[in-house]
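The listed protein sequences derive, respectively, from chains A and B.
Each residue of the first sequence is one higher than the one before, counting from 493 in our numbering.
Each residue of the second sequence is one higher than the one before, counting from 1099 in our numbering.
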Amino acid sequence: DAGVTQSPTHLIKTRGQHVTLRCSPISGHKSVSWYQQVLGQGPQFIFQYYEKEERGRGNFPDRFSARQFPNYSSELNVNALLLGDSALYLCASSQEQDIQYFGAGTRLSVL
Amino acid sequence: QQQVKQSPQSLIVQKGGISIINCAYENTAFDYFPWYQQFPGKGPALLIAIRPDVSEKKEGRFTISFNKSAKQFSLHIMDSQPGDSATYFCAASYTGNQFYFGTGTSLTVIP
């Protein structure tokens, strides 16, 4: 079985632009969570979706938004990019409520 | 406010030695405590996890020790190998939703 897949793997944007990151969960998993990992730090929770409903939101500005589709894949959108948004964005899927499986992430660089 | 505090930041161990990483938490509502291993360029991979109703869990060379009264838990890697060199994150969650991660420990195992 394929693991959590994220696309693209790398992305370079300039300040003020918009970005969309995509995630496909493990087959059968209905929950997707998004995390931001700044270099040298642990992942920080952004959103969790379950059955297309938002179940949780971390302490991130409204520039960050997400959605989950009927096939349980998900998108993370970030508007008006700032230099500080440069990070590894991780998607995790879960079937049971506790065990989360992470993808390899999307490395976003904002110039 | 850092919900989960992790130490040390970095650790160097000789091959065959024991690696010990410690974490402390404040929120007594946390009911799931996983450890993740992350290699450069990869997403975190679940290593081992514990719930607060047990004091220890062992899987192969990896052991979690959990002290509910002290609100601390630790990862012990026995017979450490060069292939164990990676960054390790502890985490905590409740209701299976948002995960709070520690700041990570960079482990280097010297041959």
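Quick reminder that beta carbons are idealized off the backbone N, C-alpha and C, glycines included.
- Would you kindly work out how many angstroms separate the C-alpha atoms of B:T1206 and A:P562, rounded to a whole number? 43 angstroms
- Along the segment 1139 to 1150 of chain B, what residues have a CB closer than 9 angstroms to any CB found in chain A? G1139, K1140, G1141, P1142, A1143, L1144, A1147, R1149
- Query: What three-state label does DSSP hand A:L603 in the structure shown?
  - Reply: coil
- Classify A:L575 as helix, strand or coil using the three-state DSSP reduction. helix
- Message: Give me the chain A residues within the contact set of B:F1199, using Cβ-Cβ distance strictly less than 7 angstroms, ordered along the chain.
- Response: G534, P535
- Over the uninterrupted beta strand (DSSP E) stretch that includes A:N471, give me the two end residues. Nothing in the structure corresponds to residue 471 of chain A, since chain A is present only between 493 and 603.
- Query: Does DSSP classify A:G548 as helix, strand or coil?
  - Reply: strand
- Query: When the distance is taken between beta carbons, is A:R514 closer than 8 angstroms to A:S499?
  - Reply: yes
- Query: A:F594 versus chain B: which residues are under 9 angstroms apart at the beta carbon?
  - Reply: Y1134, Q1136, K1140, G1141, P1142, A1143, L1144
- Mind checking which residues open and close the beta strand (DSSP E) that includes A:H521? Per DSSP, A:H521 belongs to no beta strand (DSSP E) and is neither H nor E.
- Leaving out five residues on either side along the sequence, give the residues of the same chain with a beta carbon under 6 angstroms from the beta carbon of B:I1146. W1133, E1157, F1160, I1162
- Message: Assuming B:Y1192 is part of the beta strand (DSSP E), what are its boundary residues?
- Response: First-last for B:Y1192: undefined, no H or E at that position.
- In terms of residue numbering, what span does the beta strand (DSSP E) encompassing B:I1119 cover? 1117 to 1123
- Can you give me the Cβ contacts of B:L1184 inside the same chain, cut-off strictly under 7 angstroms, excluding the 5 residues immediately before and after it? Here residue 1184 of chain B is Ala; the residue named in the question, Leu, does not match the sequence. Q1135, Q1136, F1137, L1205, listed in sequence order.
- Query: Are A:R549 and A:N571 touching if we call contact CB-CB under 8 angstroms?
  - Reply: no
- Message: For A:Q630, would you say it is in contact with chain B, using Cβ-to-Cβ distances shorter than 8 angstroms as the test?
- Response: With chain A running from 493 to 603 in the structure shown, residue 630 of chain A is simply not present.
- Start and end residues, beta strand (DSSP E) containing A:K505: 502 to 505
- Query: So is the beta-carbon of B:A1127 under 7 angstroms away from any non-hydrogen atom of the ligand FAD?
  - Reply: This structure does not include the ligand FAD; it has no bound ligands of any sort.
- Is there a Cβ from chain B that is less than 8 angstroms from the Cβ of A:D590? yes
- With 8 angstroms as the C-beta to C-beta threshold (strictly closer), list the residues of the segment 538 to 570 of chain A near chain B in chain order. Q540, R547, G548, G550
- Item | Straight-line Cα distance separating A:Y542 from A:T598 | 21 angstroms
- Task: Confirm, please, whether the CB-CB distance from B:F1199 to A:P535 is below 8 angstroms.
- Result: yes
- Got a sec, what are the start and stop residues for the beta strand (DSSP E) A:R559 sits in? 556 to 560
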